[in-house]
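Novice: Taking this note's numbering, the leading residue of the sequence shown gets 36, the next gets one more, and so forth.
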Amino acid sequence: MLVLLAALLVFVSFLIPLLRIILRQLLSPLRRLPGPPSPSLFSGNLAELHDQENTPLLRDWEAAYGPTYVYSGFLSGPRLITTDPVALSHILSNAYHYPKPDFVRESLASMGAGHDGVLTAEGETHRRQRKILLPAFSKSHLDSLRVVFSDKAQRLRDLWLSQVDGEEEPPRIDILAPLARATLDVIGEAGFGYQFNALSELQDELAAAFALIFATSRKFRMLTILQAWFPVLRRFRHNGAATARAHDTMYRIARALISQKRAEVLNESSPTRPRDILSLLIRSNLSSAPTAQMSTPEIHSQISTFIAAGHETVASALTWCLYALAAAPATQATLRDALRACEGDIEHITYLDHVVRESLRLHPPVTSTMRVCARPGGDVLPLSVPLRIQALDGKEGKYAVRLNEGDILTIPISAVNRCERVWGSDAEVFRIKTFLAVLIEDLEFSIDEGVVIEKRIK
């Protein structure tokens with residue numbers, strides 16, 4: 036009897052969420068929008084989207100269906116995808132009405148961000164956490180961390196020089212792994228006042244823990260889709276035991292960091308208190324004002340969130356930036372000349388800023404994000420480019436999309452960054468064009484000799 040009851044409970048735990056998903060997707064107005072055919076009733080277009088960074092998939096879809104269309108997700112449910120700037124502005128400027136879907140937040144939490152971190156929190160909790168963390172990202176504080184960045188960069192440079200010293204031919208070096216160790220050292224010292232010494236240790240346990248978690252998350256599996264929608268299945272994760280040990284390593288190190296930093300904060304006597312992220316979090320935990328407090332579980336999640344965000348993603352961004360420079364030797368030479376001429380004052384090298392921005396445009400470490408319409412009663416999403424559909428009145432196109440509450444949207448960051456409507460015909464090319472350079476290239480400016488220009492100070 037107990038076995039039958041347990042089986043019935045499991046069946047109901049699957050059936051009710053499944054019926055809700057099917058009903059919401061059947062009632063969604065997105066079903067009437069154009070989009071690519073679904074190759075699978077179960078997984079829709081998700082399998083081909085998983086590797087879209089290495090294929091022209093999104094470019095081909097946009098050419099066929101316009102900048103705003105739908106693709107098929109779980110159980111072939113319609114999901115909106117758009118590169119329309121007006122639509123993106125509406126979504127991102129109303130962020131609390133368009134939060135991350137629950138399954139995305141769960142995925143981020145399992146990758147190390149935790150369930151209580153600023154990356155997974157929404158609403159008032161997110162506002163409170165942002166307010167507490169804001170001082171750690173002020174310009175004055177970031178300027179004070181330059182010595183940390185410079186020190187780790189010099190150590191990494193020396194490591195690579197030692198590997199090429201005495202070699203007749205330029206050796207091949209896998210730069211991602213040492214960059215990941217260097218960025219781990221940076222976030223450890225700059226964020227938490229902690230020395231991971233990852234660059235000097237070939238086997239760092241925290242770096243290994245994150246590597247395992249990220250490697251597991253990158254693989255596409257049908258079970259992963261089911262786990263996103265049915266939480267009861269999340270206990271059966273691939274490499275579950277190894278992943279659990281990796282999470283235990285992260286939390287053990289986080290507890291040690293919190294314990295050490297709490298002791299330092301309680302013994303503070305200097306008027307110039309440390310302003311690293313963890314010091315701010317510990318002080319918030321000791322604050323008497325509820326709006327300035329952050330609980331211990333929240334602090335745990337912030338540590339893992341910032342280690343993940345300042346470790347893997349930054350290393351990936353730096354790797355792709357160096358790749359772009361390697362593929363553009365003239366740009367690399369110009370940047371190197373500017374760096375050698377600046378005598379250490381890199382803040383005023385605008386060319387370096389242009390290179391970094393262009394690299395992030397062409398090779399963003401986070402290639403897409405997802406949102407869900409959470410506005411009660413749904414919303415109307417404005418567009419600047421009309422939909423490629425036949426309207427009821429016989430006219431072509433429509434400059435808005437009706438959304439039901441619960442409809443899922445995808446923001447394809449990489450596709451937006453390479454959109455020819457925005458960036459021109461060479462959107463796929465790494466090129467350094469400043470705002471002023473674009474104007475000078477296409478326009479010729481002259482002065483009317485009869486006009487006298489005066490300066491006035493207000």
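For glycine and all other residues, C-beta sits at the position ideal for the given N, C-alpha and C.
For the beta strand (DSSP E) holding I443, just list the boundary residues, first then last.
Specialist: Reading the sequence shown from its first residue, position 408 is the one you call residue 443. Residues I443 to I446.
Novice: When you compare each of A212, M285 and L313 to Q295 by their alpha carbons, which one comes out closest?
Specialist: The residue labelled residue 295 in the question sits at position 260 within the sequence shown. Ranking the options by Cα distance to Q295, first place goes to L313.
Novice: Among D442, R466 and G485, which one has its Cα closest to the Cα of I56?
Specialist: As a working mapping, residue 56 is identified with position 21 in the sequence shown. Nearest C-alpha to I56: D442.
Novice: Using the three-state DSSP reduction, which class does Y229 fall into: helix, strand or coil?
Specialist: The residue you call residue 229 lines up with position 194 of the sequence shown. Correct three-state label for Y229: coil.
Novice: Using 8 Å as the threshold, is the C-beta distance between I334 and I293 below it?
Specialist: As a first step, residue 334 must be located in the sequence shown, where it is residue number 299. As a first step, residue 293 must be located in the sequence shown, where it is residue number 258. It is a contact, given that the beta carbons lie within the stated cut-off.
Novice: Take the Cβ of I248 as the centre, count every other Cβ of all protein chains shown within 10 Å, and call the residue buried at 16 or more, exposed below.
Specialist: By 1-based counting over the sequence shown, the position of residue 248 is 213. Buried, by the Cβ-count rule.
Novice: Taking Cβ positions, are P113 and R163 nearer each other than 8 Å?
Specialist: For this step, residue 113 is matched to residue 78 along the sequence shown. For this step, residue 163 is matched to residue 128 along the sequence shown. No; because the gap between Cβ atoms is not below 8 Å, this pair is not in contact.
Novice: If you draw a straight line from the C-alpha of I467 to the C-alpha of A122, how long is it?
Specialist: Along the sequence shown, read from residue 1 onward, the residue named residue 467 stands at position 432. Along the sequence shown, read from residue 1 onward, the residue named residue 122 stands at position 87. Whole-angstrom Cα-Cα distance: 28 Å.
Novice: Just the C-alpha distance for I51 and L58, rounded to the nearest angstrom, thanks.
Specialist: Counting from one through the sequence shown, the residue named residue 51 turns up at place 16. Counting from one through the sequence shown, the residue named residue 58 turns up at place 23. Straight-line Cα distance between these residues: approximately 11 Å.
Novice: Would you kindly check if the distance between the Cβ of P206 and the Cβ of L191 is under 8 Å?
Specialist: Residue numbering aside, residue 191 sits at position 156 when the sequence shown is read from its first letter. Residue numbering aside, residue 206 sits at position 171 when the sequence shown is read from its first letter. Against a cut-off of 8 Å, the Cβ pair of P206 and L191 comes out as no contact.
Novice: If we count the other Cβ atoms within 10 Å of its Cβ and call it buried at 16 or more, is T354 buried or exposed?
Specialist: Against the sequence shown, residue 354 aligns to sequence position 319. Buried is the call here.
Novice: Quick check on A324: does DSSP put it in helix, strand or coil?
Specialist: For the purposes of this step, residue 324 is identified with residue 289 of the sequence shown, where counting begins at 1. Three-state DSSP puts A324 in coil, outside helix and strand.
Novice: Who are the Cβ neighbours of T284 in its own chain at under 7 Å, not counting the five residues just before and after it?
Specialist: Counted from its first residue, the sequence shown places residue 284 at position 249. Cβ neighbours of T284 beyond the five flanking positions: E240, L241 and A244.
Novice: May I have the straight-line CA-CA distance separating Q337 from T278, to the nearest angstrom?
Specialist: Here residue 337 corresponds to residue number 302 of the sequence shown, with the count starting at 1. Here residue 278 corresponds to residue number 243 of the sequence shown, with the count starting at 1. Q337 and T278: Cα-Cα distance of roughly 19 Å.
Novice: What is the DSSP secondary structure of R466, reduced to helix, strand or coil?
Specialist: Translated into the one-based positions of the sequence shown, residue 466 becomes position 431. Correct three-state label for R466: coil.
Novice: Could you tell me if R406 is buried or exposed, where buried requires 16 or more neighbouring beta carbons within 10 angstroms of its beta carbon?
Specialist: Counting from one through the sequence shown, the residue named residue 406 turns up at place 371. With 16 or more Cβ atoms within 10 Å of its Cβ, R406 is classed as buried.
Novice: Going by the CB atoms, is the gap between F465 and A362 shorter than 8 Å?
Specialist: Translated into positions along the sequence shown, residue 362 becomes position 327. Translated into positions along the sequence shown, residue 465 becomes position 430. Cβ distance < 8 Å, so A362 and F465 count as in contact.
Novice: Given M329, which residues of its chain have a CB within under 6 Å of its CB, disregarding the five upstream and five downstream residues?
Specialist: The residue labelled residue 329 in the question sits at position 294 within the sequence shown. So the qualifying residues of the chain are I167, L316, S319 and N320.
Novice: If we count Cβ pairs, one from each stretch, closer than 8 Å, do we get three or more for the region 99-108 versus the region 68-80?
Specialist: Taking 8 Å as the limit for Cβ pairs, the verdict is that the region 68-80 does touch the region 99-108.
Novice: Could you check the C-alpha separation between K430 and S419 for me, to the nearest Å?
Specialist: Counted from its first residue, the sequence shown places residue 430 at position 395. Counted from its first residue, the sequence shown places residue 419 at position 384. Reliability fails at K430, whose pLDDT of 49 lies under 50, so the model's placement of it is uncertain and the value that follows must be treated cautiously. Distance between the alpha carbons of K430 and S419 is about 16 Å.
Novice: When you compare only the Cα positions, how much space is there between L194 and H282?
Specialist: Sequence index remark: in the sequence shown, residue 194 carries index 159 (1-based). Sequence index remark: in the sequence shown, residue 282 carries index 247 (1-based). L194 and H282: Cα-Cα distance of roughly 30 Å.
Novice: Specify, as a first and last residue, the run of the alpha helix (DSSP H) that I334 falls within.
Specialist: The residue you call residue 334 lines up with position 299 of the sequence shown. Taken as a continuous stretch (DSSP letters only), the alpha helix (DSSP H) holding I334 covers T331 to A343.
Novice: Tell me where the beta strand (DSSP E) around R406 begins and ends.
Specialist: As a working note, residue 406 is residue 371 in the sequence shown. Counting along the chain, the beta strand (DSSP E) containing R406 begins and ends at T404 to V407.
Novice: Among N302, L387 and I446, which residue has its Cα nearest to the Cα of T404?
Specialist: The residue given as residue 404 occupies position 369 in the sequence shown. The option with the nearest alpha carbon to T404 is I446.
Novice: Quick check on DSSP: helix, strand or coil for D437?
Specialist: Translated into the one-based positions of the sequence shown, residue 437 becomes position 402. Sequence inspection shows Arg at residue 437; the Asp mentioned does not correspond to that position. Looking at R437 - three-state DSSP - the assignment turns out to be strand.
Novice: Closer than 7 Å to a non-hydrogen atom of the ligand NAD - does that hold for the CB of K296?
Specialist: The ligand NAD is not part of the structure shown, which contains no ligands of any sort.
Novice: Could you check which residue in A225, P400, H125 and T103 has the C-alpha nearest to that of I116?
Specialist: Indexing the sequence shown from 1 puts residue 116 at position 81. Of the candidates A225, P400, H125 and T103, the one whose C-alpha sits nearest the C-alpha of I116 is T103.
Novice: Could you please give me the residues that DSSP links to R114 through a beta bridge?
Specialist: Reading the sequence shown from its first residue, position 79 is the one you call residue 114. Looking at the DSSP assignment, R114 forms a beta bridge with Y106.
Novice: Locate the beta strand (DSSP E) running through D414, then write down its first and last residues.
Specialist: Position 379 of the sequence shown, counted from the first residue, corresponds to residue 414. Counting along the chain, the beta strand (DSSP E) containing D414 begins and ends at D414 to P417.
Novice: Compute the Euclidean distance between the alpha carbons of T348 and A246, then round it to the nearest angstrom.
Specialist: Looking up residue 348 in the sequence shown gives position 313. Looking up residue 246 in the sequence shown gives position 211. About 12 Å.
Novice: Could you compute how far the alpha carbon of A343 sits from the alpha carbon of L422?
Specialist: Here residue 343 is taken as the residue at index 308 of the sequence shown, counted from 1. Here residue 422 is taken as the residue at index 387 of the sequence shown, counted from 1. Between A343 and L422, the C-alpha separation is close to 38 Å.
Novice: With 16 other CB atoms within 10 Å as the buried threshold, where does F227 fall?
Specialist: Here residue 227 is taken as the residue at index 192 of the sequence shown, counted from 1. When all chains shown are included, F227 counts as buried.
Novice: What separation, rounded to the nearest whole angstrom, lies between the Cα atoms of N232 and D220?
Specialist: Within the sequence shown, residue 232 is the residue found at index 197, counting from 1. Within the sequence shown, residue 220 is the residue found at index 185, counting from 1. The alpha-carbon atoms of N232 and D220 are separated by roughly 6 Å.
Novice: For Q189, count the other beta carbons within 10 Å of its own beta carbon; 16 or more makes it buried, fewer makes it exposed. Which is it?
Specialist: As a working note, residue 189 is residue 154 in the sequence shown. By the neighbour-count rule (16 or more Cβ atoms within 10 Å), Q189 is not buried but exposed.
Novice: Does the beta-carbon of E484 have 16 or more other beta-carbons within 10 angstroms, so that it is buried, or is it exposed?
Specialist: What you label residue 484 is simply residue 449 of the sequence shown in a count that begins at 1. Exposed: under 16 other Cβ atoms inside 10 Å.
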